[in-house]
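Order-wise, the sequence lines are chains A and B. In this text, residue positions in the first sequence follow the working numbering: the first is 1, and each later residue adds one. In this text, residue positions in the second sequence follow the working numbering: the first is 1001, and each later residue adds one. Beta carbons are placed, not taken as given, at the ideal position from N, Cα and C, and that holds for glycine. So the structure is just underneath, and the comments pick up after that.
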Amino acid sequence: KNQVEQSPQSLIILEGKNCTLQCNYTVSPFSNLRWYKQDTGRGPVSLTIMTFSENTKSNGRYTATLDADTKQSSLHITASQLSDSASYICVVSDRGSTLGRLYFGRGTQLTVWP
Amino acid sequence: SAVISQKPSRDICQRGTSLTIQCQVDSQVTMMFWYRQQPGQSLTLIATANQGSEATYESGFVIDKFPISRPNLTFSTLTVSNMSPEDSSIYLCSVGTGQAPGELFFGEGSRLTVL
């Protein structure tokens, strides 16, 4: 069964600290993996998209890694800011040239405290 | 990128009524989708809105309950019919560019509460 599991479910960190969010998937065949940030009351916004051949991709203070062999991904946030408080959603696609079928994780709710 | 406007942003409705959500995109897009996001749950695809033809529904979702229109390449509507409290959720419109690996953009969502 194709699934995307995220951990932890929620996380609280102090402003300025780093954190890492995890995503494990069983989706096969694998096409790409995406991380989205969803602020409360807003729609998800794309942070990164990684294909099979990419094992790391950065977007500012966000760095995503992908290990296609172990089917794991992580999102590392450096020097956290209050504005990083949001839900982070991992999404895996099973096909390439079009969007394919997307499998969504439940998200990790990150809270950054001053 | 694509800018997506959804209306209404939130609404409170009575059981048994229907509500239509509108999705307007600032450019022509090939793919438009409707998702549901229930509290604490992952996003669930309701249907793909096809321009000029009937929408393609996912398992568990039917046209009588969630009729969808897509009259052109920039606009779509989702109606939630005969609502019950179980329909309380966030409904999201999204669009895809169609180019590999395929960027997916989301609207701000419509938060629906059914009493």
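Backbone secondary structure at residue i - three-state DSSP
i                       : result
residue 14 of chain A   : strand
residue 102 of chain A  : strand
residue 1058 of chain B : coil
residue 1085 of chain B : helix
residue 82 of chain A   : helix
residue 1071 of chain B : strand
residue 71 of chain A   : coil
residue 32 of chain A   : strand
residue 1047 of chain B : strand
Residue-level contact to chain B via CB, residue i, 9 Å cutoff
i                     : result
residue 27 of chain A : no
residue 44 of chain A : yes
residue 89 of chain A : yes
residue 12 of chain A : no
Test item: CB-CB of residue i and residue j under 9 Å
i                       : j                       : result
residue 66 of chain A   : residue 33 of chain A   : yes
residue 1075 of chain B : residue 1022 of chain B : yes
residue 18 of chain A   : residue 56 of chain A   : no
residue 945 of chain B  : residue 1047 of chain B : Given a span of 1001 to 1115 for chain B in the structure shown, any question on residue 945 of chain B remains unanswerable.
CB contact check: residue i to chain A, cutoff 9 Å
i                       : result
residue 1051 of chain B : no
residue 1044 of chain B : yes
Given residue i as reference, the closest of the options once Cα atoms are compared
i                       : options                : result
residue 6 of chain A    : A:17, A:13, A:26       : A:26
residue 1064 of chain B : B:1107, B:1072, B:1083 : B:1083
residue 113 of chain A  : A:85, A:93, A:39       : A:85
residue 9 of chain A    : A:103, A:101, A:90     : A:90
Bridge partner(s) assigned by DSSP for residue i
i                       : result
residue 1042 of chain B : Paired residue(s): none; residue 1042 of chain B is not in a bridge.
residue 1011 of chain B : B:1112
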